[in-house]
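Shown next, in structure tokens, is the structure this report addresses.
Protein chains: 2
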Amino acid sequence: MKAQRQTKQLQAVQQAFDSTCRPLSIPELHTLAKQRLSSIGLRTVYRAVRRLQDAGEIVTVSVPGNSDRYELANIAAKHHHHFHCKACDRFFDIHGCPGGLNKLLPKGFKLENHDLTLSGLCASCA
Amino acid sequence: MKAQRQTKQLQAVQQAFDSTCRPLSIPELHTLAKQRLSSIGLRTVYRAVRRLQDAGEIVTVSVPGNSDRYELANIAAKHHHHFHCKACDRFFDIHGCPGGLNKLLPKGFKLENHDLTLSGLCASCA
DNA sequence: ATATAAATGACATCGTTTTGTCAATAAAAA
DNA sequence: TTTTTATTGACAAAACGATGTCATTTATAT
Chain A
1 MKAQRQTKQL QAVQQAFDST CRPLSIPELH TLAKQRLSSI GLRTVYRAVR
51 RLQDAGEIVT VSVPGNSDRY ELANIAAKHH HHFHCKACDR FFDIHGCPGG
101 LNKLLPKGFK LENHDLTLSG LCASCA
Chain B
1 MKAQRQTKQL QAVQQAFDST CRPLSIPELH TLAKQRLSSI GLRTVYRAVR
51 RLQDAGEIVT VSVPGNSDRY ELANIAAKHH HHFHCKACDR FFDIHGCPGG
101 LNKLLPKGFK LENHDLTLSG LCASCA
């Protein structure tokens, strides 16, 4: 279930993940990959993401009011949250978690997961 | 900027909000409104939501990996969060907030908002 | 009761994201 | 090097939510 051929295109997408430690959207990946391989097509980025997903190297990050992002599975394995910069529209990883969420639940509800998205301005935009 | 005519259709949508105290999607609103007015069209639900938004009666609720929901503005005015049931796919209001989120921010980041979505099973599905 | 125009609903259309297709390319095996 | 076939990229097309259109309906004012 691993990506089978080592192509320049797949490497360009992998390098985008490796060099940018934040959740990336498909258009962001396309832009980043084009910096290393200007000829890479959007269709190929979609396919690379699918393959990396199937290989278990990346996972989907759902965020409110925005299209899906993707990030390295080994980063996602450590519980963390995200910050969305309203100016540059980028997402960043936030390490740490408020905790104590079970107290917020109404009677009878069963908590399995939670998802925290902070938003405001990132360091470069503030 | 208020909805101008009091139609059965608009009332059906308003009643959906009034009788169901949780964030509702367009299809959910359509289903609920049809229970009171089976002839109401989806197009009309879209327009009713737009009008109620313009009138300031409802606001948009963005949630991760799901289409937008809408809820009454007076409910949204009190800071709260949401719970998503993975079984029935409904969203519920959660009152209370973990707080202390500023500590999680990296240097230089400016926090303006936050968004917490718990998920699991609701009382009726658990 | 009548006139006016906002609102409705059926349908078509749009805009965006995602996927299908297929001839050409190129990575890995022979 | 040659062969094989996974992969690519251009293009078409699907999927989807949301909106435009317009003849008809109907709430409201007169």
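Residue numbers (our numbering), protein chains in the order written: chain A, 1 to 126; chain B, 1 to 126.
Quick reminder that beta carbons are idealized off the backbone N, C-alpha and C, glycines included.
CB of residue i within 8 Å of CB of residue j, strictly
i	j	result
A/LYS86	A/SER119	yes
B/GLU71	B/PRO23	yes
B/PRO62	A/PRO64	The sequence as given places Ser at residue 62 of chain B; Pro does not occur at that position. Closer than 8 Å, so yes.
B/THR117	B/HIS82	yes
B/ALA16	B/LEU32	yes
Residue span of the beta strand (DSSP E) that contains residue i, given as start and end
i	result
B/LYS34	Counting along the chain, B/LYS34 falls outside any beta strand (DSSP E), though it belongs to the alpha helix (DSSP H) covering 26 to 36.
B/ILE58	58 to 61
A/ASN102	That residue, A/ASN102, is in no beta strand (DSSP E); it is neither H nor E in DSSP.
B/THR120	In the sequence under discussion, the amino acid at residue 120 of chain B is Gly, which differs from the Thr named in the question. Element bounds for B/GLY120: 110 to 121.
Nearest candidate by alpha-carbon position, reference residue i, set the options
i	options	result
A/ALA123	A/ILE58, A/PHE92, A/PHE17 and A/ASN66	A/PHE92
B/LEU111	A/HIS114, A/CYS125, A/GLY41 and A/LEU32	A/CYS125
A/ILE40	A/CYS88, A/HIS84, A/ARG90 and A/THR7	A/THR7
A/VAL59	A/ALA76, A/THR44, A/HIS84 and A/ASP89	A/ALA76
A/HIS84	A/SER67, A/ASN74 and A/ALA73	A/SER67
A/LEU121	A/CYS88, A/SER19, A/THR44 and A/HIS30	A/CYS88
A/HIS80	A/ARG69, A/HIS114 and A/ARG90	A/HIS114
A/ASN74	A/THR44, A/CYS21 and A/ARG90	A/CYS21
A/HIS30	A/GLN4, A/ARG90 and A/THR44	A/THR44
Span of the alpha helix (DSSP H) around residue i
i	result
A/SER19	8 to 19
If we count Cβ pairs, one from each stretch, closer than 8 Å, do we get three or more for the stretch 34 to 47 of chain B versus the stretch 95 to 110 of chain B? no
For the pair the stretch 46 to 55 of chain B and the stretch 12 to 21 of chain B, tell me if three or more CB-CB distances fall below 8 Å. yes
Determine, using beta-carbon pairs with one atom in the stretch 49 to 66 of chain A and one in the stretch 94 to 104 of chain A, whether at least three such pairs fall under 8 Å. no
Please give the ranges of any alpha helix (DSSP H) in the stretch 40 to 98 of chain B, keeping only runs that are unbroken, at least 4 residues long and fully inside the region. 42 to 54 and 73 to 77
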